[in-house]
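Using the numbering used here, the letters of the sequence shown map in sequence onto residues 16 to 392.
Every residue, glycine too, gets a C-beta built ideally from N, C-alpha and C.
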Amino acid sequence: MTTRSELEAVPTPTLPGAASEAQAEALARRKDHHLDVCLDEDVGSLVASGLDAYSLEYDALPELDLDEVDLSVTVFGRRLAAPIVVGAMTGGTSRAGELNRRLARAAQQAGVAMALGSQRPMIVDPAATGSYRVRDVAPELPLLFGNVGAVQLNYGVDADAIRRALEAVGADALNVHLNALQEAIQPEGDTRFSGLAEKLEAFIPVIGVPVLAKEVGAGISGRAAAKLSRLPFAGIECSGVGGTSWARVESHRAPSGSIQAEIGRRLAGFGVPTATSIRNCRAAFGERLVVASGGVRTGMDVAVALALGADLVALARPLLEAAEDSEASCVRALETLLHELRVIAFCAGAKDLRALRQSRLLGRGGAPVRLDLPSTP
Ligand SMILES: Cc1cc2nc3c(=O)[nH]c(=O)nc-3n(C[C@H](O)[C@H](O)[C@H](O)COP(=O)(O)O)c2cc1C
Numbered sequence: 016m017t018t019r020s021e022l023e024a025v026p027t028p029t030l031p032g033a034a035s036e037a038q039a040e041a042l043a044r045r046k047d048h049h050l051d052v053c054l055d056e057d058v059g060s061l062v063a064s065g066l067d068a069y070s071l072e073y074d075a076l077p078e079l080d081l082d083e084v085d086l087s088v089t090v091f092g093r094r095l096a097a098p099i100v101v102g103a104m105t106g107g108t109s110r111a112g113e114l115n116r117r118l119a120r121a122a123q124q125a126g127v128a129m130a131l132g133s134q135r136p137m138i139v140d141p142a143a144t145g146s147y148r149v150r151d152v153a154p155e156l157p158l159l160f161g162n163v164g165a166v167q168l169n170y171g172v173d174a175d176a177i178r179r180a181l182e183a184v185g186a187d188a189l190n191v192h193l194n195a196l197q198e199a200i201q202p203e204g205d206t207r208f209s210g211l212a213e214k215l216e217a218f219i220p221v222i223g224v225p226v227l228a229k230e231v232g233a234g235i236s237g238r239a240a241a242k243l244s245r246l247p248f249a250g251i252e253c254s255g256v257g258g259t260s261w262a263r264v265e266s267h268r269a270p271s272g273s274i275q276a277e278i279g280r281r282l283a284g285f286g287v288p289t290a291t292s293i294r295n296c297r298a299a300f301g302e303r304l305v306v307a308s309g310g311v312r313t314g315m316d317v318a319v320a321l322a323l324g325a326d327l328v329a330l331a332r333p334l335l336e337a338a339e340d341s342e343a344s345c346v347r348a349l350e351t352l353l354h355e356l357r358v359i360a361f362c363a364g365a366k367d368l369r370a371l372r373q374s375r376l377l378g379r380g381g382a383p384v385r386l387d388l389p390s391t392p
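Pasting the structure below:
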């Protein structure tokens, strides 16, 4: 595991072309340290996702066969067997590369999408590119998202560098992550978020693939959803409060006893819970793609997220834990989730994804919940 004294010595790269070897190594060390913290420490949010406040109405006479249930969906022209994404996590080191390959092979086997972690390490140091290359081991992977932090547009990363990074890995779409809370707690955080909306507006149309806005676990408020919906994003991943807390991850990484360690712990529930975040994104993004994430752990969480307005649902940390164990564990985790979702659809009388998304939602105590959502694709 990376030690605190190594972290304290980490300089922040400023310009991609100007990154020294030491800076690239520091960035890679940070990526491995994130993996250690997420696997070994308690990094859960202090506030629930809100998904467990709902369930789907059970139908004792569904009038269809379990085998008939088809949860496939087409996104950006790619067909997925189910509306699931292996969430954005890692890359940049040999360890991260092995995890990415395990995740990709498992996603391919399950027929679901995969998102790469931030590609900044390979933008800073092209030698890290191999750790993001998963197409050679999973050529049938239906949909691959690349990833970059929006704030990097204020730190010298430009559209050309990002386009090259996407091409190098064969990404079909790009997640641009928004992680203000994480950066503010991170010991080496990049916190200059001014002027980003204008930069994103110019950047999105020239990138060549659909671009999604993405939080990392602090969620999207109604106001943020409205601001983001005015930009030419193809969709949004709401990543709300209720799962992995990046304030808490960074508090574990900050020097013991530091102010950052203290406030990272205190702010581990700050943000918008996932259930609310999904609804905010759906209301603002109309017909565009909405991906739910943040504390999604079970097939019922997935079903509820879909019924609340999501098109796709992503899970991150649970699949990291499975992939750390083995590729077989990762396949098992995805197959269990998919089968659970099919059983729920069957028992809700939903033969396809459209019907599942229109299933009746029940609140705590079993009372039906009415949602005033715009029609979704
Ligand atoms: C180890 C790890 C690394 C992550 N790195 C990234 C990243 O590079 N870019 C990003 O957009 N999100 C990243 N995330 C955030 C996830 O994609 C997701 O939004 C968040 O963890 C909430 O989902 P969860 O509760 O299922 O973990 C990472 C998550 C984990 C667990």
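#1: Look at the alpha carbon of A125 and the alpha carbon of S273, and state the distance between them as a whole number of angstroms.
#2: Alpha carbon to alpha carbon, what distance is there between A363 and N162?
#3: CA-CA distance, T259 and V311?
#4: According to DSSP, is A382 helix, strand or coil?
#5: For D85, which residues from the same chain have a beta carbon less than 6 Å from its beta carbon, with the 5 sequence-adjacent residues on both sides left out?
#6: Give me, in chain order, the residues of the same chain whose beta-carbon lies closer than 6 Å to that of E230; leave out the 5 immediate sequence neighbours on both sides.
#7: Buried or exposed for L30, going by 16 or more other Cβ atoms inside 10 Å?
#8: Going by DSSP, what residue range makes up the alpha helix (DSSP H) through T79?
#9: Considering only residues of the region 243-318, which uninterrupted alpha helix (DSSP H) runs meet the minimum length of 4 residues and lie entirely inside it, listed in chain order?
#10: Between L376 and V319, how many whole angstroms is the CB-CB distance? I'm expecting something under 8 Å.
#11: I'd like the ranges of any beta strand (DSSP E) spanning at least 3 consecutive residues and lying wholly in the region 128-161.
#12: Straight-line CA distance for P26 to A41?
#13: Is the distance from the Cβ of L304 to the Cβ of G250 below 8 Å?
#14: Tell me, which residues are paired with V88 by DSSP?
#15: Is the beta carbon of A212 closer than 8 Å to that of L189?
#16: Between F91 and A130, is the Cβ-Cβ spacing less than 8 Å?
#17: Let me know if V221 comes out buried or exposed under the rule of 16 or more other beta-carbons within 10 Å of its beta-carbon.
#18: Please go through the same chain and pick out, in chain order, the residues whose beta-carbon is closer than 8 Å to the beta-carbon of P383, but skip the five residues on each side of it.
#19: Would you grab the beta carbon distance between G237 and V256 for me? Rounded to a whole angstrom, and I think it's under 8 Å.
#20: What number of angstroms, rounded off, separates the C-alpha of H48 from the C-alpha of R268?
#21: For A68, which residues from the same chain have a beta carbon less than 8 Å from its beta carbon, with the 5 sequence-adjacent residues on both sides left out?
#22: Taking 7 Å as the cut-off, is the C-beta of L50 nearer than that to any heavy atom in ligand 1?
#23: By DSSP, does N190 sit in helix, in strand, or in coil?
#24: Ends of the beta strand (DSSP E) at L168?
#25: Nearest to G112 by alpha carbon, out of V152, L81, V127?
#26: Going by the CB atoms, is the gap between I219 and Q275 shorter than 8 Å?
#27: Can you grab the Cα-Cα spacing for the pair R19 / D51, in whole Å?
#28: What's the gap between the Cα of V226 and the Cα of G59?
#29: Find the nearest neighbour of R94 within the set L158, L386, A240, H354, judged by alpha-carbon distance.
In this structure, then:
#1: Answer to the nearest angstrom: the Cα atoms are 43 Å apart.
#2: C-alpha separation (whole angstroms): 35 Å.
#3: Taking the straight line from one Cα to the other gives about 10 Å.
#4: Here A382 sits in coil by DSSP.
#5: The beta carbon of D85 sits closer than 6 Å to the beta carbons of D367 from its chain, once the five residues preceding and following it are set aside; these are given in chain order.
#6: These residues qualify, in order along the chain: L193, S254.
#7: Because L30 carries a pLDDT of 44, less than 50, the predicted location of this residue cannot be relied on, and the following value inherits that uncertainty. With fewer than 16 other CB atoms across the displayed protein chains lying within 10 angstroms of its CB, L30 is exposed.
#8: First, the residue type needs correcting, since residue 79 is Leu and not Thr in the sequence shown. DSSP places L79 in no alpha helix (DSSP H); its state is neither H nor E.
#9: With a minimum length of 4 residues, the continuous alpha helix (DSSP H) runs that stay inside the region 243-318 are 261-268, 274-281, 289-300.
#10: Between L376 and V319 a beta carbon distance of about 7 Å is seen, short of the 8 Å cut, so the two are scored as contacting.
#11: Qualifying beta strand (DSSP E) stretches, in chain order: 128-130.
#12: In this predicted model, P26 has a pLDDT of only 40, less than 50, meaning its place in the structure is not dependable enough to derive any value.
#13: A contact, by the Cβ cut-off of 8 Å.
#14: Answer is L95, bridged to V88.
#15: It is not a contact, given that the beta carbons lie outside the stated cut-off.
#16: Taking 8 Å as the Cβ cut-off, F91 and A130 do not qualify as a contacting pair.
#17: Exposed, because fewer than 16 other Cβ atoms sit within 10 Å of the Cβ of V221.
#18: Taking C-beta separations shorter than 8 Å and ignoring five residues to either side along the sequence, the partners of P383 in its chain run E72, R375, L376, L377, following chain order.
#19: In fact, because the Cβ distance is near 15 Å, the residues do not count as touching under 8 Å.
#20: Between H48 and R268, the C-alpha separation is close to 8 Å.
#21: So the qualifying residues of the chain are A290, G378, R379.
#22: Distances from the CB of L50 to the heavy atoms of ligand 1 include at least one below 7 Å.
#23: Here N190 sits in strand by DSSP.
#24: No beta strand (DSSP E) contains L168, which DSSP labels as neither H nor E.
#25: Cα-wise, what sits closest to G112 is V152.
#26: Contact flag unset, no.
#27: For R19, the predicted model reports a pLDDT of 37, less than 50, meaning its position is unreliable and no value from the coordinates is stated.
#28: Cα-Cα distance, rounded: 28 Å.
#29: Its Cα nearest to that of R94, the residue L158 stands out among L158, L386, A240, H354.
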